[in-house]
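Have a look at the structure below before the remarks.
Residue numbers (the numbering used here): 830 to 1076.
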């Protein structure tokens, strides 16, 4: 597949033009024109590049790319090393950020609903979904389920919140800023990737469970689903590489 054709196909699938983002979505670094073999991952990093350089691939697709709109775009240090590796080896780099967080069928948020068996009801805001479990579940069982599915023990803030839960709100990655909005909305649990100091007080004062399961862990699903879609629809060779990150 042509590298520009690949970008256009993904943009269309992710409804890219209707999403305002502070990331530079799409083709960030241009490489060879013909693409058949692709590595995917959560974030571009030297570890991922090292694997790419020993593989016969033409492109890398990630959720967190090299360039962001608030960057200074100064090319030095690790940014220079990463860019040099891509250009020297003629490898395309693609990145989709918010489109891979909130798309209704291929996204981090949708993936979390699938693996945790949450029935989606709607949105609290464009970035936060809410839904319910099939039946009430003890919070400890829900924590165990998250641990099993995401391969990580999450941070759980609980100050006399109800033990049997049913309604969940969630936002992958750095969604902790939406916790109070979700708590005020009236859910039993808020699940996200990261945690901030203020979240403790919000959990205590609203009596709502706060679960931080890791930015990386909650944002693998979108890129995995995108790879599966590309492989099925366009017969591309996709290999998801999970560079372990406990944060």
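Ideal Cβ positions, reconstructed from N, Cα and C, are used throughout, including at glycine.
For residue i, the residue or residues it bridges with in DSSP
| i | result |
| --- | --- |
| residue 966 | 994 |
| residue 1031 | Answer is none; residue 1031 lacks a bridge partner. |
| residue 1094 | Here the chain comprises residues numbered 830 to 1076, so residue 1094 is not present and cannot be evaluated. |
| residue 923 | 856, 890 |
| residue 1039 | 986, 1019 |
| residue 845 | DSSP lists no partner for residue 845. |
| residue 1069 | 869 |
| residue 1058 | DSSP output for residue 1058 lists no bridge partner at all. |
Residues near residue i in its chain [Cβ-Cβ closer than 6 Å; skip 5 each side]
| i | result |
| --- | --- |
| residue 924 | 857, 891, 894 |
| residue 860 | 919, 920, 921 |
| residue 1050 | 937, 940 |
| residue 1053 | 1069 |
Closest by C-alpha distance to residue i, when choosing among the options
| i | options | result |
| --- | --- | --- |
| residue 999 | 953, 922, 913 | 953 |
| residue 955 | 971, 899, 927, 941 | 927 |
| residue 889 | 901, 874, 1042, 899 | 874 |
| residue 1012 | 994, 993, 901, 1039 | 1039 |
| residue 994 | 1058, 835, 963 | 963 |
| residue 946 | 1042, 971, 935 | 971 |
| residue 959 | 1042, 1020, 902, 886 | 1020 |
| residue 912 | 996, 968, 879 | 879 |
| residue 863 | 831, 896, 910 | 831 |
| residue 1047 | 979, 835, 841 | 979 |
| residue 996 | 983, 1064, 967 | 967 |
| residue 887 | 910, 957, 833 | 833 |
Same chain only: Cβ atoms within 7 Å of residue i, ignoring 5 sequence neighbours per side
| i | result |
| --- | --- |
| residue 1044 | 1002, 1003, 1022, 1023, 1076 |
| residue 882 | 914, 918 |
| residue 1056 | 869, 1067, 1069 |
| residue 854 | 845, 924, 925, 926, 928 |
8 Å CB neighbourhood of residue i in its chain, flanking five on each side removed
| i | result |
| --- | --- |
| residue 908 | 895 |
Discussion item. So within the stretch 854-913, which uninterrupted beta strand (DSSP E) runs reach at least 3 residues, ignoring any that extend past its ends?
Written reply: 855-858, 866-872, 888-893
Worksheet item: Is the stretch 998-1007 close to the stretch 979-989, with three or more CB pairs under 8 Å?
Response: no
Worksheet item: Can at least three beta-carbon pairs, one atom from the stretch 851-868 and one from the stretch 1061-1070, be found at a separation below 8 Å?
Response: yes
Discussion item. Measuring CB atoms only, is the stretch 926-936 touching the stretch 843-854, in the sense that at least three cross pairs come out at less than 8 Å?
Written reply: yes
Worksheet item: Any contact of the stretch 1028-1038 with the stretch 906-918, i.e. 3+ C-beta pairs under 8 Å?
Response: no
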